[in-house]
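Trainee: Could you have a look at this structure, given as structure tokens, before my questions?
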Amino acid sequence: MPVYLDHNATTPLDARVREAMLPYLGEIYGNPASPHRFGRATRMAVDEARERVAALVGAAPQQVVFTGCGTEANNLALLGAAAHLPPGPVAVSRIEHPSVLEPARRLEARGRPVLWLEVDGEGRVRPESLDAALAQGARLVSVMLANNETGVIQDVAALARRAREAGAVVHTDAVQAAGKIPVDFPALGVHLLTLSAHKLHGPQGVGALVRDRALELEPLLVGGGQEEGLRSGTLNVAGIVGFGTAAALAADELATRAARMRALRERLERGLARLDGVRILAAGAERLPNTVMAGVAGVESETLLMALDRAGYAVSSGSACHTGKTEPSHVLAAMGVPPELALGSIRVSVGKDTTEADVDGFLAALAGALDSLRRGAVGA
Ligand code: PLP
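Per the working numbering, the sequence shown starts with residue 5, numbered consecutively.
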């Protein structure tokens, strides 16, 4: 049986989530905007899901805007908020997911300068870099809560406090954090927060933007006026029901899942430490309980990835959204990881159902793959 150790790319749909979704792919089928009983049935389901997604992050249901994915929520946050802000730069950390970097570049192309926030060698945003951006009049700040590649957790509450004091609007991409660590929208003090269902055992193709309702946002999609006009389009009812169920399960099981994953990560790291030329990156930073990014000297990560895949282990190199890319990932480059380590980096992300045997098998497969690759035997 192949072993899946790439949970930061996506997670398997929880069987309980699938069960909850099935009626909405079958006998329950109204448009939630319709006033009749068919519409009421799906509207009630969407309302319940909205409550559950809001509860996962300590927000009110009216603060949740359902979107087509995390990418869309990030686009709505940056492009939507910037549309209502006075001229002035946006400040974005260098290690954001492309779904934040690209809208920032779009704003730049439209005449709003981007100030790139630097990170230290452990992947933590430098507070002085934010202070400099705020001093230059940054209007909008976006810093992710946890990084998809390294798992590094940012002190978003502290950064948001500084940014708010300077009058800036603050967004955080919490896609990787939700379901792995507690996420508290009010305590973070941000105006906007992004979520995605498929990273927490929900379905792919559904996300949410949690928002401070006092903040004006320009929608990306206009039309029928769904989601209070912020995201027109008939709702993905089954997906949203799945998201709600996944969020409720993640909230209920957070402590046990996190403890289990942390123990597995520690086991993995102990094993990695015994291998030659392998270094755990951002080891000194607070990280997600499930994520290890390891720099491996003397191999190319794509080659290593394929060797591991042949051995039955699925991991990722750098960001999964960028497979096939051979330059070091932008995250590792921003951290100043030496290219010879970054080019051989692999990301292992365990999940709530990963076992010790999976981790031990992976470590053995990695040792074998490294041995063959370094001797130049594979592919010969
Ligand atoms: N933000 C982060 C940190 C991610 O890891 C991802 C997914 O890879 C996204 C945003 C995009 O979410 P989605 O896949 O739902 O568009």
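Built from N, CA and C at the ideal position, the CB exists for glycine as well. Values in this document were obtained by computation on a predicted structure and should not be read as measured data.
Give a single yes or no on whether D4 has its beta carbon closer than 7 Å to a heavy atom of the ligand PLP.
Mentor: Here the chain has residues from 5 to 384 only, and residue 4 is not among them.
Trainee: Pick from L144, N152, Q180, T154: whose alpha carbon is nearest that of L163?
Mentor: Reading the sequence shown from its first residue, position 159 is the one you call residue 163. If we check each option's Cα against that of L163, L144 comes out closest.
Trainee: Is N78 near the ligand PLP - that is, is its Cβ less than 7 Å away from at least one heavy atom of it?
Mentor: For the purposes of this step, residue 78 is identified with residue 74 of the sequence shown, where counting begins at 1. The answer is yes for N78.
Trainee: Any contact between the region 142-158 and the region 66-76? By contact I mean 3 or more CB pairs, one from each, below 8 Å.
Mentor: no
Trainee: My assumption, with CB atoms under 8 Å, is that A254 sits in contact with G183. Please give the rounded CB distance.
Mentor: Within the sequence shown, the letter at position 250 stands for residue 254. Within the sequence shown, the letter at position 179 stands for residue 183. Correct: roughly 4 Å between the Cβ atoms.
Trainee: Would the beta-carbon of H101 be found less than 7 Å away from any heavy atom of the ligand PLP?
Mentor: Residue numbering aside, residue 101 sits at position 97 when the sequence shown is read from its first letter. Correct: H101 has its Cβ closer than 7 Å to the ligand PLP.
Trainee: Grab me the residues of H40's own chain with a C-beta within less than 8 Å of its C-beta, minus the 5 sequence neighbours each way, in chain order.
Mentor: As a working note, residue 40 is residue 36 in the sequence shown. So the list reads G34, once near-sequence residues are dropped.
Trainee: Determine the direct distance from the alpha carbon of L9 to that of T358, and round the result to whole angstroms.
Mentor: Stepping through the sequence shown from its first residue, residue 358 is reached at position 354. Stepping through the sequence shown from its first residue, residue 9 is reached at position 5. One Cα belongs to T358, the other to L9, and the distance between them is close to 8 Å.
Trainee: Could you check if A384 is buried or exposed, using at least 16 other CB atoms within 10 Å of its CB as the buried criterion?
Mentor: By one-based count along the sequence shown, residue 384 stands at place 380. Because A384 carries a pLDDT of 45, less than 50, the predicted location of this residue cannot be relied on, and the following value inherits that uncertainty. By the neighbour-count rule (16 or more Cβ atoms within 10 Å), A384 is not buried but exposed.
Trainee: CB-CB under 6 Å to A324, same chain, minus the five flanking residues each way: which ones, in chain order?
Mentor: Translated into the one-based positions of the sequence shown, residue 324 becomes position 320. Here the model assigns A324 a pLDDT of 40, short of 50, so the residue's position is not dependable and the matter cannot be decided.
Trainee: In the DSSP assignment, what are the bridge partners of D10?
Mentor: Translated into positions along the sequence shown, residue 10 becomes position 6. DSSP output for D10 lists S353 as bridge partner(s).
Trainee: Let me know if Q180 comes out buried or exposed under the rule of 16 or more other beta-carbons within 10 Å of its beta-carbon.
Mentor: Taking the sequence shown and counting its residues from 1, one reaches residue 180 at position 176. That one is buried.
Trainee: Pairing CB atoms from the region 89-104 with CB atoms from the region 130-147, are three or more of them under 8 Å?
Mentor: yes
Trainee: CB-CB under 6 Å to V174, same chain, minus the five flanking residues each way: which ones, in chain order?
Mentor: Reading the sequence shown from its first residue, position 170 is the one you call residue 174. V145, A164, A167, V194, H195.
Trainee: Using alpha carbons as the reference points, say which of M265, E231, V214, G281 lies closest to Q67.
Mentor: Locating residue 67 in the sequence shown gives position 63, counting from the first residue. Checked all of M265, E231, V214, G281; the closest Cα to Q67 is V214.
Trainee: Tell me, please, which residues DSSP counts as bridged to D177.
Mentor: As a first step, residue 177 is located in the sequence shown; it is residue number 173 there, counting from the start. BP columns for D177 point to T198.
Trainee: At the level of alpha carbons, what is the spacing between R291 and I157?
Mentor: To locate residue 291, count along the sequence shown from 1; it is residue 287. To locate residue 157, count along the sequence shown from 1; it is residue 153. The alpha-carbon atoms of R291 and I157 are separated by roughly 5 Å.
Trainee: Given a threshold of 16 other Cβ atoms within 10 Å of its Cβ, counted over all protein chains shown, does D375 qualify as buried or as exposed?
Mentor: Locating residue 375 in the sequence shown gives position 371, counting from the first residue. The residue in question, D375, is exposed, as its Cβ has fewer than 16 Cβ neighbours within 10 Å.
Trainee: Along the chain, where does the alpha helix (DSSP H) that runs through G275 open and close?
Mentor: Mapped onto the sequence shown, residue 275 falls at position 271. Residues 241-277.
Trainee: Step through the CB atoms of chain B and report whether any lies within less than 8 Å of the CB of V363.
Mentor: The question asks about chain B, but that chain is absent: this structure has only one protein chain.
Trainee: Three or more C-beta pairs closer than 8 Å, one from the region 111-119 and one from the region 261-272: is that the case here?
Mentor: With a cut-off of 8 Å, the region 261-272 and the region 111-119 do not count as touching, because too few Cβ pairs lie within range.
Trainee: Please tell me whether, using a cut-off of 7 Å, the distance from the CB of H202 to the nearest non-hydrogen atom of the ligand COA is below it.
Mentor: For the ligand COA, the structure offers nothing, since it holds only the ligand PLP.
Trainee: Kindly indicate the opening and closing residues of the alpha helix (DSSP H) around G299.
Mentor: What you label residue 299 is simply residue 295 of the sequence shown in a count that begins at 1. No alpha helix (DSSP H) holds G299; the beta strand (DSSP E) holding it covers 295-300.
Trainee: Apply the 10 Å Cβ neighbour rule to E231 and answer buried if 16 or more other Cβ atoms are within range, or exposed otherwise.
Mentor: Taking the sequence shown and counting its residues from 1, one reaches residue 231 at position 227. Per the 10 Å Cβ criterion, buried.
Trainee: What residue does the beta strand (DSSP E) around A95 start on, and which one ends it?
Mentor: Locating residue 95 in the sequence shown gives position 91, where the first residue counts as 1. Looking at the DSSP string, the run of the beta strand (DSSP E) that includes A95 is 94-97.
Trainee: Is the beta carbon of I32 less than 8 Å from the beta carbon of T15?
Mentor: Residue mapping note: residue 32 aligns to position 28 of the sequence shown, counting from 1. Residue mapping note: residue 15 aligns to position 11 of the sequence shown, counting from 1. Not closer than 8 Å, so no.
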